[in-house]
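Numbering (the working numbering), first residue to last: 1 to 143. Glycine included, C-beta positions come from ideal geometry on N, C-alpha and C.
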């Protein structure tokens, strides 16, 4: 099974492509999605960030559903790691890569685990709804 992995995009180009009047990460930082474009061979971003000492910051935003927090990544560090990935000197385990069999298998296992968690949650919610409906039916029938 081959997987088409897009070419990396230089960090400066990612920043230059940002649209006017659109919210982006702090100056000098990249969002998670921008980082994925800079490191297209990587699927386990958090591990690569930690192993290669990429500086991060936490941003927050408040909206209808409360305050949300997310991590942004230092652009200079991201470019340094992108260059290191290209020349083979980055700390990058095969499990963290999209282009290795180990990495693809790890992705499949992670997807299976997430799918199981979603299924379990759906079953619990369905059981709760059914119990509430049965309880409501019992209450109605007692009247």
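N- and C-terminal bounds of the beta strand (DSSP E) containing residue i
i	result
residue 74	66 to 74
residue 31	It is not in any beta strand (DSSP E) - residue 31 carries neither H nor E in the DSSP assignment.
Outcome for residue i when other beta-carbon atoms lying within 10 angstroms are tallied against a minimum of 16
i	result
residue 39	buried
residue 88	exposed
residue 1	Note on residue 1: pLDDT 47, under 50, position unreliable in the model; no value is reported.
residue 85	buried
residue 125	exposed
Contact set for residue i: own chain, Cβ-Cβ below 7 Å, skip 5 residues either direction
i	result
residue 35	45, 73 and 78
residue 29	57, 72, 73, 74 and 75
residue 26	57, 59 and 72
Cutoff 6 Å; reference residue i; Cβ partners in own chain excluding five residues on either side
i	result
residue 68	61
First and last residue of the uninterrupted alpha helix (DSSP H) at residue i
i	result
residue 51	45 to 51
Own chain, CB closer than 8 Å to residue i, minus 5 neighbours either side, in chain order
i	result
residue 48	39, 42, 54, 81, 90, 91, 92 and 96
In DSSP terms, what residue i is bridged to
i	result
residue 61	68
residue 42	97
Exercise for the section: Could you tell me which uninterrupted alpha helix (DSSP H) segments, each at least 4 residues in length, are contained entirely in the segment 74 to 131, listed from first to last along the chain? Expected result: 75 to 87
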